[in-house]
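Mapping the sequence shown onto the UniProt record's numbering, position 152 (from 1) lands on 152, and the numbers just tick up by one.
Every residue gets a Cβ at the ideal spot worked out from N, C-alpha and C, and that includes glycine.
Just so it is clear, the structure is predicted and the values come from calculations on it, not from any experiment.
Data block below; observations after.
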Amino acid sequence: MRLDVVTIFPEYLEPLNVSLVGKARARGRLDVRVHDLRAWAHDKHNTVDDTPYGGGPGMVMKPEPWGEALDSIIESGEGRPVIVVPTPSGRPFTQELAVELSEKPWLVFTPARYEGIDRRVIEEYGDRLDVREVSIGDYVLAGGEAPVLVMVEAIARLLPGVLGNAESHRDDSFAPGAMADLLEGPVYTKPPEWRGRGIPDVLLSGHHGKIARWRRDEAFRRTVRNRPDLIERADPAAFDKKDREI
Ligand code: ADE
């Protein structure tokens with residue numbers, strides 16, 4: 001998969017060299033290219049923003065540098081990328097969207113600063129390409145770079161050959177499957193006792209059926225406590241009599 005990121009803070013994307021995403025790059029699973037938007041600003045101060053039409057606070061990112069940047073990136077590759085525009089006014093970034101984007105061969109991220117990008121840029125590329133305005137949550141960050149790091153990590157770990165153990169995203173919270181709609185439950189490792197705290201007996205029992213049931217119940221309990229909205233939204237057929245006792 002190819003990923004391009006256009007930003008005025010290329011150094012903000014340094015974490016893409018580290019850990020899972022860094023390894024995926026080193027293994028050739030991901031081709032990540034970070035571009036400095038100012039390379040496409042031609043005045044002596046490399047200006048990328050200006051005051052908003054209609055007045056109001058803050059600055060708006062000018063369309064010309066974005067247009068030149070995107071044209072040159074699009075021309076540099078084959079086929080059409082999906083353009084992902086991080087913005088608090090976008091559609092929510094979910095595991096489902098991460099899965100969908102992980103199946104695309106090429107993504108271009110356009111993290112903005114200030115009050116956002118001149119609307120005409122979104123319209124211009126939206127006429128020709130698949131453009132997604134995406135929010136990572138109901139809070140406002142100072143720019144789209146941190147959301148790009150979040151989205152790239154969620155997407156990269158889904159690519160074949162990136163996670164060490166292909167089964168490890170099977171039980172993820174929000175992964176489709178038997179535990180769909182439930183958060184992941186608690187996990188334990190050695191030692192068997194730590195600061196006087198033990199491990200739930202069932203996990204030491206070796207009884208796979210009982211362990212699966214326990215995990216399911218813990219996941220259900222945690223979801224009721226932390227995300228009652230998920231329970232309300234879920235398919236009632238996914239629950240059984242025992243759940244109602246919880
Ligand atoms: N830019 C600023 N806040 C954001 C958010 N919550 N999601 C995506 N992009 C953003």
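Check, Outcome
"Where Asp31 falls: helix, strand or coil (DSSP)", "strand"
"Touching by the beta-carbon criterion (3+ pairs, under 8 Å), the region 151-163 and the region 90-107", "yes"
"Neighbour-count burial assignment, Pro200, 16 or more Cβ in a 10 Å radius", "exposed"
"Leu107 beta carbon near the ligand ADE (any heavy atom closer than 8 Å)", "no"
"Inter-residue Cα distance where the pair is residue 251 and Ala24", "The structure shown does not extend to residue 251, since the chain spans only 1 to 246, so no value can be given for it."
"Range of the contiguous alpha helix (DSSP H) that encloses Asp204", "The question names Asp, but residue 204 in the sequence shown is Leu. 201-204 is the extent of the alpha helix (DSSP H) around Leu204."
"Cβ-heavy atom distance, Tyr114 to the ligand ADE, below 8 Å", "no"
"Rounded separation between Val84 and Asp181 - CA only", "26 Å"
"Close-in-space but distant-in-sequence residues of the same chain around Thr110 (CB under 6 Å, 5 per side omitted)", "Val6, Val85"
"C-alpha distance - Gly77 paired with Leu230, whole-angstrom precision", "40 Å"
"Range covered by the alpha helix (DSSP H) that runs through residue 247", "Nothing in the structure corresponds to residue 247, since the chain is present only between 1 and 246."
"Rounded straight-line distance, which links the Cα of Val140 to that of Ser89", "9 Å"
"Val224 in three-state terms, based on DSSP", "helix"
"7 Å CB neighbourhood of Ala234 in its chain, flanking five on each side removed", "Asp181"
"Counterpart residues of Glu124 in DSSP-defined beta bridges", "Beta-bridge pairing links Glu124 to no other residue."
"Separation of Glu232 from Arg215, as counted between CA atoms", "20 Å"
"Beta strand (DSSP E) segment containing Gly90, residue limits", "82-92"
"6 Å Cβ shell around Arg221 - same chain, five flanking residues per side excluded", "Ile246"
"Assigned secondary structure, Ile8 (DSSP; H/G/I helix, E/B strand, else coil)", "coil"
"Three or more C-beta pairs below 8 Å linking the region 49-56 and the region 17-35", "no"
"C-beta contact flag for Gly67 and Glu124 at 9 Å", "yes"
"Any non-hydrogen atom of the ligand ADE within 8 Å of Ile136 CB", "yes"
"Supposed close pair Leu129, Arg195 - CB separation, criterion 8 Å", "Contact flag wrong, Cβ pair sits at about 55 Å."
"Check whether Arg33 and Ile73 have beta carbons under 9 Å apart", "yes"
"Per-residue DSSP class, three states only, for Met1", "coil"
"Helix, strand or coil at Arg38 [DSSP, three-state]", "helix"
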